[in-house]
């Protein structure tokens, strides 16, 4: 697939832009009105303490009914390295730091339209290094869950990147010895 | 958070609409230009054969570099039940059917902006019942992978919902006996 043309059709600054692309398929067919959605790349981080407690939030968000369990998360600033963003968000939101970080992958959100990329991290042996200073619009309550509680509560992570990073962490740490 | 007003600001039909919402936070602060992205809900399906082979694709998509491993997936038609969409997409794309379906959850894609919901399914003891009739824009090659191959190839599922459904299936089927 080739991109012949790009035109900005909606501009809400750094949080949302939409482009219309002229796209040529491999078979030569041309689609003149392919929409491409530009939202910021983001990180999600699962912090685990030395006694195997997962540092999470119970929080509400505009797009979800009721509240949800959630890992640390936030947008990457322009030019910021994903791992640095992960460390920054973890400390800002929870006050925790860690010296043992694992990158669990980078994934595009929408296979057709883009919608930004998710960068996932695991931080083990996490410890309290300060006070949380979350600037989120909604209240966040920190909760410490055991691994078993997390395994039994996967459906309570109601947002796609949140359940994805939780399952990747559980597999990473499982007996199967996954990457 | 409360929605006071909605205004349609971009309309590309069923594949993409954008609204601007006036949103009141719990603390009373009002945000007049909250963007809300409407894309179709979709399903992803992992088919597993009686001899524990995962029925997957190697395919390219506009938003990804090179190709990716992928599960069955597609948009839900207006009014269609997610499970029916899962069965329809599985048969259309692979020719496989199953009598043993598991719902692995429904997740909103973006906690702030919506962007549709992912409905995930696992189908076990899947069997060939016809020919694939994929109408995808890009070529799809069906590949049958062992469970171990899937576990070792998670990073080759380059799209967020794809890696999410794969990890949920691996956990569902793991010794831990997860839901």
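Chains as they are written, first to last, in the working numbering: chain A, 256 to 434; chain B, 256 to 434. Ideal placement from N, C-alpha and C gives every residue a C-beta, glycine not left out. Fair warning: this is a prediction, and the values are worked out from it, not measured in the lab.
Selection A:275, A:414 and A:349 evaluated against residue 262 (chain A) yields A:275 as nearest (Cα-Cα). Going by beta carbons, residue 353 (chain A) and residue 378 (chain A) fall inside the 8 Å limit. Counting other Cβ atoms within 10 Å of its Cβ, residue 409 (chain B) reaches 16 or more and is therefore classed as buried. Residues of the segment 260 to 290 of chain A with a Cβ closer than 9 Å to any Cβ of chain B, in chain order: 264, 265, 267, 270, 271, 273, 275, 276, 278, 280, 281, 282, 284, 286, 288, 289 and 290. Contacts between residue 365 (chain A) and chain B, judged by CB atoms closer than 7 Å, involve 318 in chain order.
Here residue 366 (chain A) carries a coil assignment [DSSP, helix/strand/coil]. Taking 8 Å as the Cβ-Cβ cut-off, the segment 348 to 375 of chain A approaches chain B at 360, 362, 363, 364, 365, 366, 367, 368, 369, 370 and 373, given in chain order. The continuous alpha helix (DSSP H) containing residue 341 (chain B) extends over residues 337 to 349. By the C-beta density criterion, residue 271 (chain B) is buried, having at least 16 other C-beta atoms within 10 angstroms. Here the alpha carbon of residue 402 (chain A) sits roughly 10 Å from the alpha carbon of residue 306 (chain A). Per DSSP, reduced to three states, the secondary structure at residue 379 (chain B) is strand. Chain-ordered listing is empty here: chain B has no CB closer than 8 Å to the CB of residue 300 (chain A), the nearest sitting near 15 Å.
If you compare the alpha carbons of A:365, A:342 and A:349 with that of residue 356 (chain A), the shortest gap goes to A:342. Annotation for residue 325 (chain A): the continuous beta strand (DSSP E) segment containing it runs 323 to 325. Looking at the DSSP output, residue 330 (chain B) bridges to B:297.
In this structure the segment 310 to 329 of chain A does not touch the segment 359 to 371 of chain A; the number of beta carbon pairs closer than 8 Å is below three.
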